[in-house]
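Here's what the structure looks like:
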């Protein structure tokens, strides 16, 4: 952990160097800076020290957008469901003045961060989906996140379908997959995954044939 923290300090210092140089060259007000990451690390949470999981330690990554004089200073959005892998591309297109095609599955995040969005609002989004292919085993999985729940489904594994109540269990320690009180939520999240797969044409992962049988 000590070494990881030092790496974070190094990244922070180099971001400062970059921004100072942009300022010195008179480019800072013409530059949109987006800071994000492809994944986090387990740090022994869930007895895991790497990525390749859908736990928060691995998938909850920063998505910071800064444009001097244009974005909302110090604003932290804890309500919007975002997916950096999908949303960063249409957001960059928007800032670059390039039309956003309907074939993209992400959302333009600019209206949520601009100080003056000219009346634009972020579109409503009830869930986001992420995908994974585990490097050594090739095991594929999909994750659905809503405001209060996280659901994931893998092709294989002992506990390949999991549902967590993020409001009551933010540490994701007690899955409620087989709790009868959560049956409705389980089925709803299965439906969201089916809907998403159909919408984007996910030919690598058909969830319909992978749902474990339900028992009363």
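Numbering (the numbering used here), first residue to last: 25 to 240.
No residue lacks a Cβ here, since even glycine has one placed at the ideal position from N, Cα and C.
Note that the structure is predicted; figures quoted are calculated from it, not measured.
- prompt: Taking DSSP as the reference, what is the three-state secondary structure of residue 151?
  reply: In the structure shown, residue 151 sits in coil (DSSP, three-state: anything other than H, G, I, E or B).
Under the three-state DSSP convention, the category residue 108 falls into: Here residue 108 sits in helix by DSSP.
message: Tell me which residues share the same chain as residue 41 and place their Cβ nearer than 7 Å to its Cβ, disregarding the 5 neighbours each side in the sequence.
response: So no residue of the chain qualifies.
message: Suppose contacts are defined by Cβ-Cβ distances below 7 Å. Is residue 187 in contact with residue 201 by that definition?
response: The Cβ atoms of residue 187 and residue 201 lie closer than 7 Å to each other.
message: Can you tell me which residues form a DSSP beta bridge with residue 174?
response: Answer by DSSP bridge pairing, in chain order: 169, 188.
- request: Would you kindly work out how many angstroms separate the C-alpha atoms of residue 91 and residue 129, rounded to a whole number?
  value: Roughly 24 Å between the two C-alpha positions.
task: Measure the C-alpha to C-alpha separation of residue 34 and residue 28 and round it to an integer number of angstroms.
output: The straight-line gap separating the alpha-carbon atoms of residue 34 and residue 28 is approximately 10 Å.
message: With the cut-off set at 7 Å, would you say residue 76 and residue 151 are in Cβ contact?
response: Residue 76 places its beta carbon 7 Å or farther from that of residue 151.
- prompt: Taking only runs of the alpha helix (DSSP H) that begin and end inside the segment 72-106, which ones reach a length of at least 4 residues, in chain order?
  reply: Runs of the alpha helix (DSSP H) inside the segment 72-106: 80-83.
field: Per-residue burial, residue 99 [other beta carbons within 10 Å of its own, 16 or more giving buried]
entry: Label assigned to residue 99: exposed.
message: So for residue 224, helix, strand or coil by DSSP?
response: Helix, per DSSP.
- prompt: Straight-line CA distance for residue 123 to residue 174?
  reply: When rounded, the distance between both Cα atoms is 33 Å.
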